[in-house]
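Numbering (the numbering used here), first residue to last: 1334 to 1457. Encoded as structure tokens, the structure appears first; notes follow it.
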């Protein structure tokens, strides 16, 4: 991989990271607002048990999304380190080149498709 290509991927990854951080911030802000409303700060509103359960479900779903997004940030951070070390685009398991098509689809990929498949099977 050329330095120019690595620099383009770095720029792409930093942009993606900033977008995810913004999303997490919005989710957190919405959840804090929702918690404040659910805690009874809005006197005059009565809550039905089903409404509270629905709100709780929505908060849990949002927090799960934020957790998943945080994992992507970690992956991006690790990938940025690989770029800085000149190891980007090389599978961390088998040391073979990761195809450019895969990197364009998933710029923070650390494994080639075969090694990724092995990793996923090992986690099951």
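Note that the Cβ used here is the ideal one computed from N, Cα and C, for glycine as well.
Short of 8 Å from the beta carbon of residue 1411, and not among the five residues preceding or following it, lie these beta carbons of its own chain, in chain order: 1441, 1443. Judged by DSSP secondary structure, residue 1449 falls within the alpha helix (DSSP H) whose first and last residues are 1446-1456. Non-local C-beta neighbours of residue 1432 in its own chain, meaning closer than 6 Å and more than five positions away in sequence, are absent. Annotation for residue 1364: 1392, 1395, 1396 place their beta carbon closer than 7 Å to its own, counting only its chain and skipping 5 residues before and after. Here the region 1405-1420 lies against the region 1340-1360, with 3 or more beta-carbon pairs under 8 Å apart. Going by beta carbons, residue 1419 and residue 1436 fall outside the 9 Å limit. With 16 or more other CB atoms across the displayed protein chains lying within 10 angstroms of its CB, residue 1360 is buried. The beta carbon of residue 1424 sits closer than 6 Å to the beta carbons of 1431, 1444, 1445, 1448 from its chain, once the five residues preceding and following it are set aside; these are given in chain order. Taken through DSSP and simplified to helix, strand or coil, residue 1357 comes out as helix.
Judged by DSSP in its simplified three-state form, residue 1431 adopts coil rather than helix or strand. Residue 1335 and residue 1345 have their C-alpha atoms roughly 15 Å apart. Between residue 1426 and residue 1404, the gap from beta carbon to beta carbon reaches 9 Å or more.
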